[in-house]
Amino acid sequence: MPAREPGCDPGAAREADAPGTGGSAVPDSLIVMPVEFRIARAEDVPIIVAMLADDVVAAGRQGDFGDEHRAAFELVDADPGNELIVAELDGEVVGTMQLTYIPGISRRGALRMQIEAVRIASGLRGRGLGRTMMEWALDRARARGCTLVQLTTDKSRTDAHRFYDSLGFVASHEGYKLSLT
């Protein structure tokens, strides 16, 4: 995947950076970081799991890195409709998100992208990396021919809601989940 320089808007300096960031606000002077995006590799999974666990909402359900994470990675990696993405800064994994492409009959056969598990390394939160990651994902959705991008966010993540609003997302639906375990 090509590298992308962040195109952060300094005018958005007071918006929340990204979900799972603990509500950090973007500082007045954003740090422009040369971020590269790529498909995750097996050796990235422990870092990804640690970023997922470093979150107040998700910490209790994530658990320590183990065989179930390895197995899940293999399934995601083998599925052409799924992409586990990492963001790298100076060769270090600093962000992650999962992109799933969902074909459907509704909306005139629309292809949609589902964005899940967006996380940023705790030391880099609030610097515009979340916005850069989401803009990259939206560009990727357009390039794949998606006509809709959707995501869910925990109702308690009010900073994330403001962040998604600032990107143009609309809270148009009510989401439901049912745990089967």
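One point on numbering: in this note's numbering, the residue at position 40 of the sequence shown is 91, and numbering is uninterrupted. Ideal Cβ placement from N, Cα and C applies to all residues, glycine included. The structure displayed is predicted, hence computed values, not measured ones.
Does the distance from the CB of L162 to the CB of T198 come in under 8 Å?
If you check the CB distance, L162 and T198 come in under 8 Å.
Please list, in chain order, all residues of the same chain as I153 whose beta carbon is under 8 Å from its beta carbon, the five residues on each side excluded.
Once the five neighbours on either side are set aside, the close Cβ partners of I153 are G132, L162, R163, M164 and Q165.
For the beta strand (DSSP E) holding V200, just list the boundary residues, first then last.
V200 -> beta strand (DSSP E) spans L199 to L202.
Using the Cα positions of L180 and I171, report the straight-line distance between them to the nearest angstrom.
Distance between the alpha carbons of L180 and I171 is about 7 Å.
Meets three-Cβ-pair contact criterion under 8 Å: the region 117 to 132 and the region 212 to 224:
With the cut-off at 8 Å, the region 117 to 132 and the region 212 to 224 do not touch.
Would you call the CB atoms of V86 and T183 closer than 8 Å?
For the pair V86 and T183, the CB atoms are nearer than the 8 Å cut-off.
Locate the alpha helix (DSSP H) running through T147, then write down its first and last residues.
Not the alpha helix (DSSP H): T147 falls in the beta strand (DSSP E), residues E143 to P154.
Which class does L140 belong to by DSSP, given the choice of helix, strand or coil?
Residue state, collapsed to three classes: strand.
Which one of L103, D130, F88 and S207 has the shortest CA to CA distance from T151?
Residue D130 is the option with its Cα nearest to T151.
Could you spell out where the beta strand (DSSP E) holding F88 opens and where it closes?
Where F88 is concerned, the enclosing beta strand (DSSP E) stretches over V86 to I90.
Would you list the one or two residues that DSSP bridges to R163?
Beta bridge pairing from DSSP links R163 with I153 and L199.
Measuring CA to CA, which of L229, A138 and G226 is closest to A188?
Ranking L229, A138 and G226 by Cα distance to A188 puts A138 first.
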